[in-house]
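Colleague:
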Amino acid sequence: EAQVTQNPRYLITVTGKKLTVTCSQNMNHEYMSWYRQDPGLGLRQIYYSMNVEVTDKGDVPEGYKVSRKEKRNFPLILESPSPNQTSLYFCASSLLGGQGEQYFGPGTRLTVT
Amino acid sequence: QQQVKQSPQSLIVQKGGISIINCAYENTAFDYFPWYQQFPGKGPALLIAIRPDVSEKKEGRFTISFNKSAKQFSLHIMDSQPGDSATYFCAAGGPIDMRFGAGTRLTVKP
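Sequences listed follow chains A and B, in order.
Residues in the first sequence are numbered from 562 upward in steps of one, following this note's numbering.
Residues in the second sequence are numbered from 5 upward in steps of one, following this note's numbering.
1. Under 8 Å between the Cβ atoms of Q41 of chain B and A28 of chain B?
2. Secondary structure at Q646 of chain A, three-state DSSP: helix, strand or coil?
3. Within a Cβ cutoff of 8 Å, which residues of the same chain sit near Q13 of chain B, ignoring the five residues on either side of it in sequence?
4. If you compare alpha carbons, which of A:T581, A:K578, A:L572, A:N589 is closest to Y664 of chain A?
5. If we cut at 8 Å on Cβ distances, does A106 of chain B have a partner in chain A?
6. Does K75 of chain B get closer than 8 Å to chain A when you measure Cβ to Cβ?
7. Got a sec: which bits of the region 48-59 of chain B sit with their beta carbon under 9 Å from any beta carbon on chain A, in order along the chain?
8. Under 8 Å, Cβ to Cβ, is there at least one residue of chain A near F70 of chain B?
9. Rounding to the nearest angstrom, what Cα-Cα distance links T576 of chain A and V673 of chain A in this structure?
10. Rounded to the nearest angstrom, what separates D57 of chain B and W39 of chain B at their Cα positions?
11. Distance check for K632 of chain A and N612 of chain A, CA to CA, integer angstroms please.
12. Of all the CB atoms in chain A, is at least one closer than 8 Å to the CB of D35 of chain B?
13. Compare the C-beta of I100 of chain B with all C-beta atoms of chain A and state if any pair is closer than 8 Å.
14. Strictly by DSSP, which residues pair up with P38 of chain B?
15. So that I know if they touch, is there some Cβ in chain B lying closer than 8 Å to that of P667 of chain A?
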């Protein structure tokens with residue numbers, strides 16, 4: 562089954578404790594991206610990757626890091642989480658980048674206290 | 005800056021009615037305009053999409069109307085059903101990335 566998986570699905574952590582949210586896709590897509598969803602703000606892009614070892618900032622990259630060492634994986638790293646990063650996070654992949662269907666993962670709800 | 009503006013924020017429609025959600029974009033480099041549907045606890049999923057070479061696309065009860073000169077597009081849901089109750093996002097995509105609207109929470113009352 563074609564899918565995007567994320568782990569963990571739920572995470573509660575404390576300010577400053579480094580964490581990683583994993584994302585994996587099995588569709589051989591070159592394009593992957595991370596979004597955060599906040600009420601009234603919709604989906605805002607954090608980072609995207611056009612291919613292995615190629616990443617770039619989206620609209621809200623501050624406080625986040627990403628890496629793309631393999632085509633299928635695109636982890637999101639919060640080096641020092643803060644309460645304003647409490648949000649619902651989605652990973653997505655696409656065959657055609659921004660010009661094609663984005664396949665979203667199930668989401669990761671992160672709470673930073 | 006919000007590159008894609010979506011309205012209304014919320015919408016309540018009676019069963020059988022027509023739901024209309026509107027979006028406007030700014031960047032003329034966008035050339036792919038999808039609508040995504042999101043149910044609680046799930047990721048968004050593509051509902052219907054249009055490219056700017058056509059002014060309308062219909063799939064079942066769902067229709068996108070696209071006005072390139074006005075840089076606006078809208079989603080029409082005919083014969084709205086309670087199962088259509090969800091959050092809808094418009095988006096605009098270009099060669100590099102995709103921008104989403106703020107979302108519309110649709111409630112269809114039985």
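Ideal Cβ positions, reconstructed from N, Cα and C, are used throughout, including at glycine.
For clarity, every value in this text was computed on a predicted model and none was experimentally measured.
Modeller: Let me lay it out:
1. The residue you call residue 41 of chain B lines up with position 37 of the second sequence. The residue you call residue 28 of chain B lines up with position 24 of the second sequence. No, these two residues do not count as a Cβ contact at 8 Å.
2. What you label residue 646 of chain A is simply residue 85 of the first sequence in a count that begins at 1. Of the three classes helix, strand and coil, the one that applies to Q646 of chain A here is helix, per DSSP.
3. Mapped onto the second sequence, residue 13 of chain B falls at position 9. A106, G107, T108, R109.
4. For this step, residue 664 of chain A is matched to residue 103 along the first sequence. When the alpha-carbon of Y664 of chain A is set against those of A:T581, A:K578, A:L572, A:N589, the nearest one is in A:N589.
5. Residue 106 of chain B sits at position 102 when you count from the first residue of the second sequence. Taking Cβ atoms only, chain A reaches closer than 8 Å to A106 of chain B, which makes this a yes.
6. The residue you call residue 75 of chain B lines up with position 71 of the second sequence. No, its Cβ sits nowhere closer than 8 Å to a Cβ of chain A.
7. P48, A49, L50, A53, R55
8. Counting from one through the second sequence, the residue named residue 70 of chain B turns up at place 66. Not closer than 8 Å to any Cβ of chain A, the Cβ of F70 of chain B fails to qualify, so no.
9. Translated into the one-based positions of the first sequence, residue 576 of chain A becomes position 15. Translated into the one-based positions of the first sequence, residue 673 of chain A becomes position 112. Roughly 6 Å between the two C-alpha positions.
10. By 1-based counting over the second sequence, the position of residue 57 of chain B is 53. By 1-based counting over the second sequence, the position of residue 39 of chain B is 35. Their backbone Cα atoms lie some 17 Å apart in a straight line.
11. On the first sequence, residue 612 of chain A is found 51 positions in, with the first residue counted as 1. On the first sequence, residue 632 of chain A is found 71 positions in, with the first residue counted as 1. N612 of chain A and K632 of chain A: Cα-Cα distance of roughly 7 Å.
12. Numbered from 1 along the second sequence, position 31 holds the residue referred to as residue 35 of chain B. Output row for D35 of chain B: interface = yes.
13. Taking the first residue of the second sequence as position 1, residue 100 of chain B is located at position 96. It does; some Cβ of chain A falls within 8 Å.
14. Indexing the second sequence from 1 puts residue 38 of chain B at position 34. Partner(s): B:A53.
15. For the purposes of this step, residue 667 of chain A is identified with residue 106 of the first sequence, where counting begins at 1. At least one chain B Cβ lies under 8 Å of P667 of chain A.
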